[in-house]
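Encoded as structure tokens, the structure appears first; notes follow it.
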Amino acid sequence: MFKQIKQLFAAFDEQQPSIEQHDLKTAVAALLIEVMRADSKLDHNEQHTLTVTLKKYFNLTDSEVEELTTNAAGSLDGAIDYFQFSKQINDHCSAAQRIEIIELLWRLAYADGEIDPQEEYVIRKVAGLLYVAHTDFIAAKLAATQS
């Protein structure tokens, strides 16, 4: 009987999906894409802001940005939460860099001229996962509106 229980638990452990590891670029791109998708409207200004942000932030070419966004979107489609992305950012970025990432998310959300409540929800959720204090969250939002 104990052997059967051990086999049952062993089979269960084998079936558990592992959390996919992403590099920092993919993690940031995925979160940016999630904000862009949040309002269910794909706006040209948001797409342009995404491309410019990734090129500037990671010093990428147009073809590298296209490849990165394709990979990040695919990873995002298969994700059940934001943890796999936020973990990479938390592991590789300082507090100041995490605040900067929140500001990038706000800038993308403002690219179409309005903030949808779903976009704000996603950014707020990500800020919590990145351990960004509420005061820094608000400061990043204000900085994004002024740029």
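Following the numbering used here, the numbering of the sequence shown begins with 2 at its first residue and continues without gaps. Don't be surprised by glycine CBs; every beta carbon is placed ideally from N, CA and C. Here the structure is a predicted model, which is why all the values come from computation and not from measurement.
Output the residue ranges of the alpha helix (DSSP H) runs that lie fully inside the stretch 112–141 and measure 4 residues or longer, sorted by chain position. Qualifying alpha helix (DSSP H) stretches, in chain order: 118–130.
Under the assumption that Ala110 contacts Val36 (Cβ atoms under 8 Å), give the Cβ distance between them as a whole number of angstroms. So it is a contact: roughly 5 Å between Cβ atoms.
Beta carbon of Phe86 nearer than 8 Å to that of Ala28: Going by C-beta atoms, Phe86 is nearer than 8 Å to Ala28.
Residues near Leu69 by beta carbon distance below 8 Å, same chain, minus five either side: Lys26, Thr27, Ala30, Leu55, Phe59 and Leu61.
Endpoints, the alpha helix (DSSP H) within which Asp78 is located: DSSP places Asp78 inside the alpha helix (DSSP H), whose first and last residues are Asp63 to Gly79.
Three-state secondary structure (DSSP) at Tyr83? Residue state, collapsed to three classes: coil.
May I ask you to report which of helix, strand or coil DSSP gives Leu43? Leu43: coil per DSSP, three-state reduction.
State the Cα-Cα distance for the pair Arg108 and Thr146, rounded to the nearest angstrom. Straight-line spacing of the CA atoms in Arg108 and Thr146 works out to 7 Å.
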